[in-house]
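Peer 1:
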Amino acid sequence: MDREPPGPAGRAPPQAARRRIVPQRRATRNPPTEPVRRPRVGHIQFLNCLPLYWGLVHSTALLDVELVKDTPDRLNDALVAGDLDISAISLVEYLRHADELLVLPGLAVGSDGPVLSVNLVSQLPLTELGGQRVALGSTSRTSVLLAQMWLAEVHGAHPEYFHCPPDLSVMLQEAAAAVLIGDAALRATYEAPGRGLAVHDLGAAWREWTGLPMVFAVWAVRRDFAAAHPGLVKDVHEAFCASRDWALAEIDTVAARAARWEHFDEATLAGYFRTLDFSLGERELAGLREFARRVAPLAGTGPDVPVRMFTG
214 MDREPPGPAG
224 RAPPQAARRR
234 IVPQRRATRN
244 PPTEPVRRPR
254 VGHIQFLNCL
264 PLYWGLVHST
274 ALLDVELVKD
284 TPDRLNDALV
294 AGDLDISAIS
304 LVEYLRHADE
314 LLVLPGLAVG
324 SDGPVLSVNL
334 VSQLPLTELG
344 GQRVALGSTS
354 RTSVLLAQMW
364 LAEVHGAHPE
374 YFHCPPDLSV
384 MLQEAAAAVL
394 IGDAALRATY
404 EAPGRGLAVH
414 DLGAAWREWT
424 GLPMVFAVWA
434 VRRDFAAAHP
444 GLVKDVHEAF
454 CASRDWALAE
464 IDTVAARAAR
474 WEHFDEATLA
484 GYFRTLDFSL
494 GERELAGLRE
504 FARRVAPLAG
514 TGPDVPVRMF
524 TG
């Protein structure tokens, strides 16, 4: 409000004189507040998740998260321990810790048939593996249980299993067969037959066995973090879904760029990325629930673990 000019002889106008003058208190400064930390987000450091990473790199989304890239087994443990807030997690580990986690809708790593990067590689016919040693790659939690169920229930084979690092040549020095996932399994798809080895795609095996897609991993958020920061979780979820959609629309470009640094050519990578299923719709959820039912005795989980979704 503009002040009225002073009256005669510099006196203030009457109405101003009648105002009550309240001494101003010195402004107090509020203590600085702690900034909200960025969500700690786990990302699988395998080629199968490159399409999900592609869009994050080509947007501003990476600025808003603390991205931790690692193998599936380590990401599983970090999310369960609370060292990550959001991460891809092996399906069986989600089933074991479903009371602590919420699934991010519509997002998974799976296949509706061959997956190319989840394999059982064998030196013997499957029916002859009973009593033999079978090496289980240490980076896998879900696929190694799928292999054990499939061998027992479909082929009647009950080998002796042991865990070890995922190096096919070393594994087959100690075992008649090996279970591999990720990039090592993808290499085996193309290289092992030339060495006289049989490669059994476990995504294809599950599809033939059950008629359903196989979900190997889901994305999940810790329930405590989702309750405290639902907006941040929503932003991360939307960023990953947008990244997936962006990459799948430009799959040949993604494959061409990746082929510059990987062991596979552009056509191989493009075919691989198109084989993978990053969705989590009704068919995928049916496959997830069927796996949960079948694996329960082996995994020590209930057969009807509820799948709770993050709803924002």
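Heads up: the sequence shown is residues 214 to 525, going by my numbering. For glycine and all other residues, C-beta sits at the position ideal for the given N, C-alpha and C. Treat the numbers as computed from the prediction; the structure is a model and nothing was measured.
Should Ser330 be labelled buried (16 or more other beta-carbon atoms within 10 Å of its own) or exposed?
Peer 2: Buried: at least 16 other Cβ atoms inside 10 Å.
Peer 1: Please determine whether the Cβ atom of Arg487 lies at a distance below 7 Å from any heavy atom of the ligand FAD.
Peer 2: As for the ligand FAD, it is missing from this structure, which has no ligand bound.
Peer 1: Can you tell me whether Ala301 is helix, strand or coil according to DSSP?
Peer 2: Residue state, collapsed to three classes: strand.
Peer 1: Buried or exposed, going by whether 16 or more other CB atoms sit within 10 Å of the CB of Asp437?
Peer 2: That one is exposed.
Peer 1: Considering only residues of the same chain and omitting the five flanking positions on each side of Gly444, which have a CB-CB separation below 6 Å?
Peer 2: Excluding positions up to five away in sequence, the list is empty.
Peer 1: Do the segment 456-472 and the segment 355-366 make contact, defined as three or more Cβ pairs closer than 8 Å?
Peer 2: The segment 456-472 is not in contact with the segment 355-366.
Peer 1: Looking at C-alpha atoms only, which residue of Tyr374, Ser353 and Leu276 is the closest neighbour of Ile257?
Peer 2: For Ile257, the nearest C-alpha among the options comes from Ser353.
Peer 1: Give every residue of the same chain whose Cβ lies closer than 7 Å to the Cβ of Pro406, excluding the five residues on either side of it in the sequence, and list them in chain order.
Peer 2: Around Pro406: Val412.
Peer 1: Please classify Pro378 as buried or exposed, where buried requires at least 16 neighbouring CB atoms within 10 angstroms.
Peer 2: Its Cβ having fewer than 16 others within 10 Å, Pro378 is exposed.
Peer 1: Take Glu373 and list the residues in its own chain whose beta-carbon comes closer than 6 Å to its own, dropping the five residues that flank it on each side.
Peer 2: Taken in chain order, the residues that qualify are Arg346.
Peer 1: Among Ala301, Ala460, Ala418 and Ala294, whose alpha-carbon lies nearest the alpha-carbon of Ala197?
Peer 2: Past the boundaries of the shown model lies residue 197; the chain is included only from 214 to 525, so the question cannot be answered.
Peer 1: Buried or exposed, going by whether 16 or more other CB atoms sit within 10 Å of the CB of Asp325?
Peer 2: Buried is the call here.
Peer 1: Report yes or no: is there a C-beta of chain B within less than 8 Å of the C-beta of Gly295?
Peer 2: Absence of chain B from the displayed structure is noted, only one protein chain being present.
Peer 1: Taking only runs of the beta strand (DSSP E) that begin and end inside the segment 397-455, which ones reach a length of at least 3 residues, in chain order?
Peer 2: The qualifying runs are 411-414 and 427-435.
Peer 1: Is Ala240 buried or exposed, if buried means 16 or more other CB atoms sit within 10 Å of its CB?
Peer 2: Residue placement at Ala240 is flagged as unreliable, the pLDDT there being 46, under the threshold of 50; a coordinate-derived value is accordingly withheld.
Peer 1: Can you find at least 3 beta carbon pairs, one from the segment 285-295 and one from the segment 306-324, that sit closer than 8 Å?
Peer 2: Judged by Cβ distances under 8 Å, the segment 285-295 makes contact with the segment 306-324, as three or more pairs qualify.
Peer 1: From the DSSP output, in three-state form, read off Ser324 for me.
Peer 2: The answer is strand: DSSP assigns Ser324 an E or B state.
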